[in-house]
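Protein sequences appear in the order of chains B and L. When we follow my numbering, the leftmost residue of the first sequence carries the number 1, and every step to the right adds one. When we follow my numbering, the leftmost residue of the second sequence carries the number 1, and every step to the right adds one. All residues carry an ideal CB built from backbone N, CA and C; glycine is no exception. No experiment lies behind these values; they were computed from the predicted model shown.
Number of protein chains: 2
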Amino acid sequence: MAEPASSETALAPLTPSRASRTEKAILDATRELLSESGVRHLTVEKVAARSGVAKTTIYRRWRSKDELALAVLIDFVQTIVAVPRGDGVRNELTALLRGAVNTLGTTAMGRVMQGLVSELATNDDLSRAFHEQVVALRVSEVRKIVVRGIERGELRADTDVDLLHELLFGPVYYRLFLSGGALDRKLPGRIVDAVLPGFRP
Amino acid sequence: MAEPASSETALAPLTPSRASRTEKAILDATRELLSESGVRHLTVEKVAARSGVAKTTIYRRWRSKDELALAVLIDFVQTIVAVPRGDGVRNELTALLRGAVNTLGTTAMGRVMQGLVSELATNDDLSRAFHEQVVALRVSEVRKIVVRGIERGELRADTDVDLLHELLFGPVYYRLFLSGGALDRKLPGRIVDAVLPGFRP
DNA sequence: AGCGAAACGCTACGTCCTGTAGCGTTCAGA
DNA sequence: TCTGAACGCTACAGGACGTAGCGTTTCGCT
């Protein structure tokens, strides 16, 4: 290898800088606390204690507790790169939904989301970020699948993408937040099988 | 008028006692504040100020802020007495869903719910109360409709009531909490029309 | 009408958390 | 080795929680 001309080698620096190590420690601790007890009981002092970082260091990076929570969400959703393949609308939608269900069910993402939902109502920045980086992304994925489905004659030409998207993802969050059911492996297929007939020609 | 033999005349006392007036004032103020800025920014001192009641009076009735929020939810859901009639599964389910959509969309209930969702994850009492007094109630309503639908041959005999219930109500909450769409009048019918074909014989 | 009990108002308090200021210390790069 | 950026630490004012004590109002009963 040649000598590194710059230490800023794109996405993955070989030796994480102190700054990035600090940031990771803070975000990790925040994510843990957020999934354990929600925003209500999240305190910057607990984050500082668990991450082994001074409270002032946290406030040097984020101006308030809200911004810190927003950072955690953004840091999280960047890992949801759901890219489904294509052999029929049924399997494509199921794969897309399975990605979300897996992330929400097997990682801390589910509890973090639940911990932040209440904040979405009053925090415009958080709300906008969630809509742009999660909702819009999912809608566009559904749209791609729907377009291919219409071309293949599997779906009606007037299929409402937004509604279909809500019918697919809504039950997942409803179960996660409210009804108390488990996000089992069969759920995505069952939702798709129940919803799809309403959109066939 | 005759002399009132007892002031405790069942459900609606003619002259509300001081205790019930106080309780009403506190719950009203809490509900308002909860719908304005969510649990995060709810403070007992604000509730006291708005309701014109001393802070200590609030703590004499509820042991903590959480219990107060729980009381608001319970007080609210008791007004959701959704009793649909019968002339076809489509109309019955639409009526049931319309009741929920109307309450969530036109009253403060929607914002109160969103303000409490995060708390459901960590507060067992609140979670149990919501499940028993809202979810279970809705499931049983759906079940009644499904049973009649199966008898009339409109639905398959193996219809999954729990899943159907989640498919109907999930999109409503998803729209309310996450996707940011409006709870318009057409929504219930559109959800039912999209979901129902998957359960027909 | 009058009396005892319950409910309420008010003040004061200890505790915890927020967000900021000042200053000394450590680390990374040249 | 030296300089600046990032960090740790202490202290602080402000706000909110939840409690204690005590005086006042209202309710219920006789």
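The alpha-carbon of I74 of chain B is positioned some 46 Å away from that of G88 of chain L. Using a CB distance cut-off of 8 Å, P188 of chain L does not count as an interface residue toward chain B.
Contact between the region 100-120 of chain B and the region 106-117 of chain L is present: three or more C-beta pairs spanning the two stretches fall below 8 Å. Interface flag for G88 of chain B against chain L is unset, since no Cβ pair is found closer than 8 Å. Contact between the region 163-172 of chain B and the region 171-187 of chain L is present: three or more C-beta pairs spanning the two stretches fall below 8 Å. The C-beta distance from S35 of chain L to V112 of chain L rounds to 5 Å, short enough to fall under 8 Å. Pairing R200 of chain L with E132 of chain B, the inter-Cα distance amounts to about 37 Å. Neighbours of S37 of chain B across chain L, judged by C-beta separation under 7 Å: T122.
Where G115 of chain L is concerned, the enclosing alpha helix (DSSP H) starts and stops at 109-120. In the three-state reduction of the DSSP assignment, R148 of chain L falls in the helix class, which pools H, G and I. Closer than 8 Å to the CB of L183 of chain L there is not a single CB belonging to chain B. Collapsing the DSSP output to three states places S17 of chain B in coil. In this chain, the alpha helix (DSSP H) harbouring R60 of chain B covers 55-61.
For L97 of chain L, same chain residues with a beta-carbon under 6 Å away, outside a window of 5 residues either side, are L168, P188 in chain order. Shown here, D87 of chain L sits in coil according to DSSP, grouped into three states, outside any helix or strand. Interface annotation, L70 of chain L: not in contact with chain B, CB-CB separation never under 8 Å. At a cut-off of 8 Å between beta-carbon atoms, Q114 of chain L makes contact with chain B.
Interface annotation, R31 of chain B: not in contact with chain L, CB-CB separation never under 8 Å. Taking 8 Å as the cut-off, the beta carbon of S64 of chain B is found no closer than this to the beta carbon of I26 of chain B. Within chain B, no C-beta atom comes nearer than 7 Å to that of I145 of chain L; the closest sits roughly 16 Å away. Take V146 of chain L, set aside five residues on each side of it, and the residues of its chain with a beta-carbon closer than 8 Å to its own are V89, L155, T159, V161, L164, in chain order. One finds nothing in chain B with a Cβ atom closer than 8 Å to the Cβ of D158 of chain L; even the nearest lies about 12 Å away. Looking at L:V192, L:V77, L:G105, the one whose alpha-carbon comes closest to that of L126 of chain L is L:V77. DSSP places P171 of chain B inside the alpha helix (DSSP H), whose first and last residues are 161-174. Around the CB of R31 of chain B, 16 or more other CB atoms lie within 10 Å, so the residue is classed as buried. Annotated three-state conformation of G189 of chain B is helix, per DSSP. Around S179 of chain B, the beta-carbon contacts reaching into chain L at under 7 Å are V135, E166.
Separation of E45 of chain L and K55 of chain L (C-alpha to C-alpha, rounded to the nearest whole angstrom) is 6 Å. Measuring C-alpha to C-alpha distances from L104 of chain L to each of L:G149, L:V134, L:P16 identifies L:V134 as the nearest.
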